[in-house]
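So in UniProt numbering, the last spot in the sequence shown is 227, and the numbers never skip.
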Amino acid sequence: MATILINHVYKRYSSSKHAVVSDFHMEIKDKEFLVFVGPSGCGKSTTLRMIAGLEEISEGEVYIGDRLVNDLPPKDRDIAMVFQNYALYPNMSVFENIAFGLRLRKLPRHEIDQSVRRAARALELDAYLDRKPSQLSGGQRQRVALGRAIVRSPQVFLMDEPLSNLDAKLRVQMRMEIIKLHKTLGVTFVYVTHDQVEAMTMADRIVVMKDGLIQQIDTPEAVYSTP
Ligand code: ADP
Ligand code: ADP
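Following this line, the structure appears as structure tokens:
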């Protein structure tokens with residue numbers, strides 16, 4: 001069960017007393033597709049990064065399942081992350097990029113092989129396993145990033161604007177792939193975007209943020225219906 005409780009969480013950077021995330025409080029449901037929206041600088045990424053363990057929490061607690069994760073490093077949180085700028089290893093092949101996390105976990109070689117091939121098949125990357133990231137298109141690179149996340153079999157997927165560097169056509173295609181992935185994997189997705197269409201088509205629920213505060217949490221229909 002990967003319910004996530006974000007319990008009255010604050011983020012203050014040491015440089016200022018002003019909180020960039022204030023009293024963020026909500027429960028993310030198991031298996032839901034939750035999307036954070038709001039203008040640039042409102043605190044979406046910071047919140048996601050605190051869930052991921054990439055950013056220290058100034059005040060409050062984050063629980064994944066029933067485990068308090070405030071002091072757990074990202075690799076121990078049962079999460080996988082996908083970012084805007086792929087973050088692939090340029091000198092590794094597609095295969096090695098996807099396999100990387102599994103190698104760190106010292107899984108047996110045949111298991112790694114099998115998991116990577118399964119992910120590659122699901123993402124239509126079979127033909128590209130020997131290539132380097134520089135020999136791939138933007139969409140293919142983003143699929144490698146997804147592949148690397150999938151093979152970890154996490155209970156939670158955290159995505160920060162994963163499609164914003166892609167052209168419009170690819171964005172639509174990848175949007176569909178991510179929706180499909182969420183259905184197939186049956187795990188919790190938390191997704192940051194400033195794209196209203198992405199939020200409307202993907203989300204079970206939307207969190208609208210402004211100036212570090214939650215303004216609204218509701219279904220896409222409710223958030224985007226004109227009152
Ligand atoms: P969003 O993802 O909604 O665009 P962010 O979470 O990236 O917003 O940023 C929220 C606020 O925190 C912004 O005002 C940003 O300038 C500030 N901020 C982000 N990272 C740092 C940092 N490392 N040091 C100081 N301020 C930061
Ligand atoms: P090491 O460098 O530790 O010897 P290898 O690069 O030989 O590891 O690969 C480890 C495993 O990953 C092997 O089972 C190999 O078949 C598989 N593998 C590595 N690269 C590829 C690739 N590009 N395509 C398919 N399988 C690969």
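Glycine included, every Cβ here is placed at the ideal spot set by N, Cα and C.
Within its chain, find whatever has a CB closer than 6 angstroms to the CB of Gly41; leave out the 5 residues flanking it on each side and keep chain order.
The same chain holds no residue with a CB closer than 6 angstroms to that of Gly41 once the five nearest residues on each side in sequence are set aside.
With C-beta atoms as the reference, is Ala80 less than 8 angstroms away from Ala127?
In this structure, Ala127 does not lie closer than 8 angstroms to Ala80 by Cβ.
Neighbourhood of Tyr63 by C-beta, 6 angstroms cutoff - its chain only, sequence neighbours within 5 removed:
Beyond the five residues adjoining it in sequence on each side, Tyr63 comes within less than 6 angstroms, by CB distance, of Leu5 in the same chain, given in chain order.
On a Cα-Cα basis, can you pick out the residue from Asp66, Leu163, Pro154 that is closest to Arg143?
The residue with the shortest Cα to Cα distance from Arg143 is Leu163.
Could you say if the region 192-199 and the region 156-171 meet the contact criterion of at least three C-beta pairs nearer than 8 angstroms?
By the Cβ criterion, the region 192-199 is in contact with the region 156-171, since at least three pairs of Cβ atoms, one from each stretch, lie closer than 8 angstroms.
Helix, strand or coil at Ser93 [DSSP, three-state]:
Ser93: coil per DSSP, three-state reduction.
Which runs of the alpha helix (DSSP H), 4 residues or longer, sit entirely within the region 34-109?
As far as the region 34-109 is concerned, its whole alpha helix (DSSP H) runs of at least 4 residues are 44-52, 94-104.
Report whether the distance from the Cβ of Thr46 to the nearest heavy atom of ligand 1 is below 7 angstroms.
For Thr46, the shortest C-beta to heavy atom distance toward ligand 1 is below 7 angstroms.
Going straight from the alpha carbon of Lys132 to that of Leu123, what length do you get?
Going from the Cα of Lys132 to the Cα of Leu123 covers about 16 angstroms.
Beta-carbon proximity list for Met1, same chain, < 6 angstroms, skipping 5 on both sides
Asp30, Gly65, listed in sequence order.
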